[in-house]
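**Q**
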Amino acid sequence: MNSARNAVTVIGLGPMGRAMAAALLDRGYAVTVWNRTASRAGDLVTRGATLAQSPADAVAANEVAIISLTDYAAVDAVLEPATQALDGRVLINLTSATPEEARAGAHWAAGHGAVQLTGGVNSSPTGIGQPESYAFYGGPRETFDRHRPVLEALTGRVDHKGEDPGLAALHYQIGMAVFWTSLLSFWQAIALARANGLTAADILPSTAETANSLSETFAFYAERIDAGVHLGDVDRLAMGLASAEHVLHTSADAGVDTVLPAAVVDLFRRGVAAGRGADSCSALVELMAKPGK
Ligand code: NDP
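Here the sequence shown stands for residues 700 to 992, numbered as in this note's numbering.
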């Protein structure tokens, strides 16, 4: 095993794993890689990476292995045959997971003598290695501190959220809850634009302006929601329902998919039916939250 600080293994060479291995090579790390489809390692090997013949060889090569796979089913498929190599290893697992999966993964790794630091990467592959990119971690603080230089080679900013290996996954999935619905809302907007003879480029300025204004809107509501305030002084849920119905009907009239706007209308209707029509749209949080939380 190579426990040198400048030698790392990367398992999983999708867009993310490839970007990570490349960023490590850029910074002078000796990188061992493994991927189910070996051909994806081509460029990295040309640049000096070593292609391991099996996951066990890849894990055995270095103290630290970065895992970047599609999901934890893939992690199980890759690491189960490599258990004999895990003792004494640090797994920096950046694979998307639920908090429960991340906790179970860390527990499983510990059972084979390995420490898992679970990460959530808040950056696209093009941002990897850039100073503004960001990732958060859950797991032993000592492991996070000791391997911080490797983590900072992947993303310029790193944050330790706590000892619980599920925390990084939780923060990551909270971010994804915003990301996927936001991106889908943009796809919905483009579908609606195209049905009306407009292109994505035509609507980019106005939709980007709306998206840019959201961080201020989030900050405004976050303070009120944490204080339990849902005053209808700025916006009323009944107004929100009427507005959401306009989006739904405009989509239906244009013949585009209505699943997304219909789900939005459904939530607003439930809010009005619950007697919150005169309150702020933020009152929907109380409907969506776990009772008592
Ligand atoms: P991909 O799903 O494109 O690829 C990940 C790797 O998983 C591939 O190397 C693939 O191997 C491997 N894999 C999948 N299933 C199996 C299996 N059953 N056995 C062995 N290997 C398997 O993911 P990305 O590279 O895009 O992302 C990696 C992780 O990072 C994901 O969890 C993702 O959610 C997260 N992430 C991705 C971002 C992005 O923008 N791409 C942004 C932030 C986080 P093969 O090449 O053989 O198919």
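Idealized CB from N, CA, C, for every residue including glycine. Quick caveat: nothing in here was measured; it's all calculated off a predicted structure.
Relative to the alpha-carbon of Ala721, which residue among Ala706, Trp733, Asp742, Lys860 has its alpha-carbon at the smallest distance?
**A** Asp742
**Q** Do Ala666 and Gly931 have their CB atoms nearer than 8 Å?
**A** Because the chain is modelled from 700 through 992, residue 666 falls outside the range shown and cannot be assessed.
**Q** Under DSSP, the beta strand (DSSP E) around Arg735 begins and ends at which residues?
**A** Counting along the chain, Arg735 sits inside no beta strand (DSSP E), nor does DSSP assign it H or E at all.
**Q** Near Ala953, what residues of its chain come up, given a Cβ to Cβ distance below 7 Å and the 5 sequence neighbours on each side ignored?
**A** Leu891, Ala894, Asn895
**Q** Who are Tyr836's beta bridge partners in DSSP?
**A** Gly818, His859
**Q** Leaving out five residues before and five after Ser734 in sequence, what residues of the same chain have Cβ atoms less than 6 Å from its Cβ?
**A** The residue you asked about is not Ser; residue 734 is Asn in the sequence shown. Leu712, Ala740.
**Q** Confirm the yes/no value for this check: CB of Asn761, any heavy atom of the ligand NDP, distance under 7 Å.
**A** For Asn761, the Cβ stays outside the 7 Å cut-off from all heavy atoms of the ligand NDP.
**Q** Residues bridged to Ile791 by DSSP?
**A** Ile765, Leu816
**Q** Just checking Asp756 against the ligand NDP - is the residue's beta carbon closer than 7 Å to any of the ligand's heavy atoms?
**A** no
**Q** So does Pro714 have its beta carbon nearer than 7 Å to some heavy atom of the ligand NDP?
**A** Relative to the ligand NDP, the beta carbon of Pro714 is positioned inside 7 Å of a heavy atom.
**Q** Alpha carbon to alpha carbon, what distance is there between Phe835 and Gly826?
**A** 15 Å
**Q** Determine the direct distance from the alpha carbon of Trp879 to that of Leu785, and round the result to whole angstroms.
**A** Straight-line Cα distance between these residues: approximately 34 Å.
**Q** Residues in its own chain within less than 8 Å of Gly812 by CB, not counting five upstream and five downstream?
**A** So the list reads Leu785, Asp786, Gly787, Arg788, once near-sequence residues are dropped.
**Q** Are the CB atoms of Gly991 and Leu983 within a distance shorter than 8 Å?
**A** At the C-beta level, Leu983 and Gly991 stay beyond 8 Å of one another.
**Q** Would you call the stretch 830-850 in contact with the stretch 769-777, where contact means no fewer than 3 C-beta pairs closer than 8 Å?
**A** no
**Q** Taking 7 Å as the cut-off, does the CB of Thr769 come closer than this to any heavy atom belonging to the ligand NDP?
**A** yes
**Q** Tell me, which residues are paired with Val730 by DSSP?
**A** Val707
**Q** State the start and end residues of the unbroken alpha helix (DSSP H) segment that holds Gln887.
**A** Unbroken alpha helix (DSSP H) run through Gln887: 865-894.
**Q** Determine the contact status of Leu793 and Ala808, defining contact as a CB-CB distance below 8 Å.
**A** No. Outside cutoff.
**Q** Taking only heavy atoms of the ligand NDP into account, decide whether any of them is closer than 7 Å to the Cβ of Leu793.
**A** yes
**Q** Excluding sequence positions up to five away, which residues of its chain have a Cβ less than 7 Å from the Cβ of Val857?
**A** Excluding sequence neighbours, Val857 sits near Ala834, Tyr836, Arg847, Leu850, Glu851.
**Q** Considering only their Cβ atoms, is the gap separating Val820 from Met715 smaller than 8 Å?
**A** yes
**Q** Which value, in whole angstroms, describes the spacing of the CA atoms of Ala755 and Leu940?
**A** 56 Å
**Q** Quick one: what's Thr749 bridged to in DSSP?
**A** Thr731
**Q** Measuring CA to CA, which of Val709, Leu966, Lys860 is closest to Ala729?
**A** Among Val709, Leu966, Lys860, the Cα nearest to that of Ala729 belongs to Val709.
**Q** Hey, out of Glu944, Asp844, Leu936, Asn911, whose CA is closest to Leu986's CA?
**A** Leu936
**Q** Considering Thr906, what are the terminal residues of the alpha helix (DSSP H) in which it resides?
**A** 899-925
**Q** Assuming Lys860 contacts Leu866 (C-beta within less than 8 Å), just tell me the rounded distance between them.
**A** 4 Å
**Q** Ordered along the chain, which non-local residues of its own chain (more than five positions away) have a Cβ less than 8 Å from that of Thr749?
**A** Ala729, Val730, Thr731, Val732, Ala760
**Q** Say the cut is 7 Å; is the CB of Gly741 nearer than that to a heavy atom of the ligand NDP?
**A** no
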